[in-house]
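One structure below.
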Amino acid sequence: MNRRELIKTFAALAPLTVAGRVWAAPATDARMLVVFLRGAYDAANVVVPVSSDFYRGSRPTLAIARPDAGNPNAALALDADWGLHPALRDSIYPLWAKREIAFIPFAGTSDDLTRSHFETQDTIELGQSAGGSRLSLGLHEPARH
(Lines of atoms letter the chains of each structure in order from A and count residues from 1; the text may use other names and numbers.)
(Lines give C-alpha, C1' and ligand atoms only; values in the text may rest on other atoms or scores of the structure.)
Protein backbone atom coordinates (compact mmCIF):
# COMPACT_ATOMS: atom_id res chain seq x y z
CA MET A 1 0.00 0.00 0.00
CA ASN A 2 1.39 3.39 -0.92
CA ARG A 3 1.06 6.58 1.11
CA ARG A 4 -1.76 7.97 -1.06
CA GLU A 5 -3.91 4.84 -0.52
CA LEU A 6 -3.20 4.93 3.21
CA ILE A 7 -4.33 8.57 3.46
CA LYS A 8 -7.48 7.79 1.43
CA THR A 9 -8.29 4.88 3.75
CA PHE A 10 -7.89 6.97 6.90
CA ALA A 11 -9.92 9.80 5.36
CA ALA A 12 -12.71 7.36 4.52
CA LEU A 13 -12.71 5.92 8.05
CA ALA A 14 -12.73 9.27 9.89
CA PRO A 15 -16.51 9.88 9.57
CA LEU A 16 -17.20 6.50 11.16
CA THR A 17 -15.96 7.81 14.51
CA VAL A 18 -19.04 10.07 14.77
CA ALA A 19 -21.53 8.02 12.74
CA GLY A 20 -23.21 6.56 15.80
CA ARG A 21 -23.80 10.02 17.25
CA VAL A 22 -25.13 11.34 13.95
CA TRP A 23 -27.64 8.58 13.20
CA ALA A 24 -28.57 7.26 16.61
CA ALA A 25 -30.22 9.57 19.12
CA PRO A 26 -29.34 9.01 22.78
CA ALA A 27 -31.77 6.81 24.70
CA THR A 28 -32.45 9.65 27.14
CA ASP A 29 -34.04 11.97 24.56
CA ALA A 30 -37.77 12.49 25.05
CA ARG A 31 -40.03 11.36 22.24
CA MET A 32 -43.62 11.99 21.29
CA LEU A 33 -45.41 9.42 19.17
CA VAL A 34 -48.87 10.31 17.92
CA VAL A 35 -50.98 7.40 16.70
CA PHE A 36 -54.15 7.89 14.70
CA LEU A 37 -56.24 4.72 14.58
CA ARG A 38 -57.09 4.81 10.89
CA GLY A 39 -59.09 2.34 8.92
CA ALA A 40 -61.13 -0.28 10.70
CA TYR A 41 -59.40 0.02 14.08
CA ASP A 42 -62.11 0.46 16.69
CA ALA A 43 -60.80 3.03 19.18
CA ALA A 44 -63.55 2.27 21.72
CA ASN A 45 -62.37 -1.34 21.88
CA VAL A 46 -58.68 -0.43 22.18
CA VAL A 47 -58.94 2.08 25.02
CA VAL A 48 -62.18 0.80 26.52
CA PRO A 49 -64.56 3.03 28.53
CA VAL A 50 -65.08 0.25 31.10
CA SER A 51 -67.29 2.31 33.43
CA SER A 52 -69.68 3.40 30.66
CA ASP A 53 -73.11 1.80 30.63
CA PHE A 54 -73.69 3.47 27.24
CA TYR A 55 -70.68 1.58 25.83
CA ARG A 56 -72.06 -1.74 27.07
CA GLY A 57 -75.60 -0.98 25.92
CA SER A 58 -74.43 0.11 22.47
CA ARG A 59 -72.23 -2.96 21.98
CA PRO A 60 -73.96 -5.90 23.61
CA THR A 61 -71.93 -8.45 21.61
CA LEU A 62 -68.72 -6.46 21.00
CA ALA A 63 -68.04 -4.87 24.39
CA ILE A 64 -64.80 -5.90 26.08
CA ALA A 65 -65.38 -7.30 29.57
CA ARG A 66 -64.66 -5.08 32.56
CA PRO A 67 -61.25 -5.63 34.20
CA ASP A 68 -61.15 -8.97 36.01
CA ALA A 69 -57.88 -10.65 36.99
CA GLY A 70 -59.46 -14.09 36.52
CA ASN A 71 -60.62 -13.41 32.95
CA PRO A 72 -57.85 -13.30 30.30
CA ASN A 73 -60.32 -11.70 27.85
CA ALA A 74 -61.17 -8.80 30.17
CA ALA A 75 -59.86 -5.27 29.71
CA LEU A 76 -56.64 -4.38 31.50
CA ALA A 77 -57.40 -1.64 34.03
CA LEU A 78 -55.85 1.74 33.26
CA ASP A 79 -57.91 3.50 35.94
CA ALA A 80 -61.49 3.29 37.27
CA ASP A 81 -63.00 4.45 33.96
CA TRP A 82 -60.70 3.11 31.27
CA GLY A 83 -59.20 -0.22 30.29
CA LEU A 84 -56.93 -1.51 27.53
CA HIS A 85 -57.83 -4.31 25.14
CA PRO A 86 -56.39 -7.60 26.48
CA ALA A 87 -54.57 -8.29 23.18
CA LEU A 88 -52.26 -5.39 24.09
CA ARG A 89 -51.17 -6.99 27.38
CA ASP A 90 -47.59 -7.72 26.26
CA SER A 91 -47.00 -4.80 23.87
CA ILE A 92 -48.64 -1.56 25.02
CA TYR A 93 -49.65 -2.30 28.62
CA PRO A 94 -46.05 -2.54 29.94
CA LEU A 95 -45.44 0.98 28.59
CA TRP A 96 -48.50 2.17 30.53
CA ALA A 97 -47.26 0.48 33.71
CA LYS A 98 -43.94 2.37 33.38
CA ARG A 99 -45.81 5.62 32.61
CA GLU A 100 -44.11 5.86 29.22
CA ILE A 101 -47.36 6.21 27.29
CA ALA A 102 -50.57 8.21 27.60
CA PHE A 103 -53.91 7.79 25.89
CA ILE A 104 -56.09 10.64 24.66
CA PRO A 105 -59.26 8.89 23.54
CA PHE A 106 -61.76 10.58 21.26
CA ALA A 107 -59.51 13.61 20.73
CA GLY A 108 -60.40 16.23 18.19
CA THR A 109 -60.26 19.95 17.57
CA SER A 110 -62.61 22.68 18.74
CA ASP A 111 -63.23 24.20 15.31
CA ASP A 112 -64.05 20.98 13.45
CA LEU A 113 -67.73 20.37 14.01
CA THR A 114 -68.21 17.96 11.08
CA ARG A 115 -67.12 14.97 13.20
CA SER A 116 -65.14 13.81 10.16
CA HIS A 117 -62.21 11.64 11.16
CA PHE A 118 -60.41 12.62 7.98
CA GLU A 119 -60.78 16.39 8.49
CA THR A 120 -59.70 16.16 12.13
CA GLN A 121 -56.60 14.15 11.22
CA ASP A 122 -55.71 16.67 8.52
CA THR A 123 -56.22 19.58 10.93
CA ILE A 124 -53.94 18.06 13.56
CA GLU A 125 -51.29 16.77 11.15
CA LEU A 126 -51.05 19.99 9.15
CA GLY A 127 -51.37 22.39 12.08
CA GLN A 128 -54.16 24.24 10.30
CA SER A 129 -57.67 25.06 11.38
CA ALA A 130 -60.65 23.88 9.36
CA GLY A 131 -60.65 27.33 7.70
CA GLY A 132 -57.08 26.83 6.51
CA SER A 133 -55.26 29.35 8.71
CA ARG A 134 -52.03 28.10 10.24
CA LEU A 135 -52.23 27.31 13.96
CA SER A 136 -48.68 26.14 14.68
CA LEU A 137 -46.30 23.49 13.49
CA GLY A 138 -48.05 20.46 12.10
CA LEU A 139 -47.07 16.93 12.96
CA HIS A 140 -45.52 16.56 9.52
CA GLU A 141 -42.87 19.19 10.39
CA PRO A 142 -39.89 18.59 12.67
CA ALA A 143 -40.26 19.80 16.24
CA ARG A 144 -38.50 23.03 17.08
CA HIS A 145 -36.92 23.55 20.47
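Letter by letter, the sequence shown follows residues -24 to -1, 1 to 121 in mature numbering (1 follows the signal peptide of the UniProt record, and there is no 0). Beta carbons are placed, not taken as given, at the ideal position from N, Cα and C, and that holds for glycine.
Here Leu38 is exposed, its C-beta having fewer than 16 other C-beta atoms within 10 Å. Per DSSP, the continuous alpha helix (DSSP H) segment holding Ala73 begins and ends at 69 to 73. Residue nearest to Asn47 within the set Tyr31, Ile80, Arg65 is Arg65 (criterion: CA-CA distance). In the DSSP assignment, Leu102 falls within the unbroken alpha helix (DSSP H) covering 93 to 102. When Cβ pairs closer than 8 Å are counted between the two stretches, the region 26 to 38 is seen not to touch the region 68 to 75, the count staying below three.
Gly33 is bridged by DSSP to nothing; it lacks a bridge partner. Closest in C-alpha terms to Pro62, from the list Ala56, Trp72, Asn49, comes Asn49.
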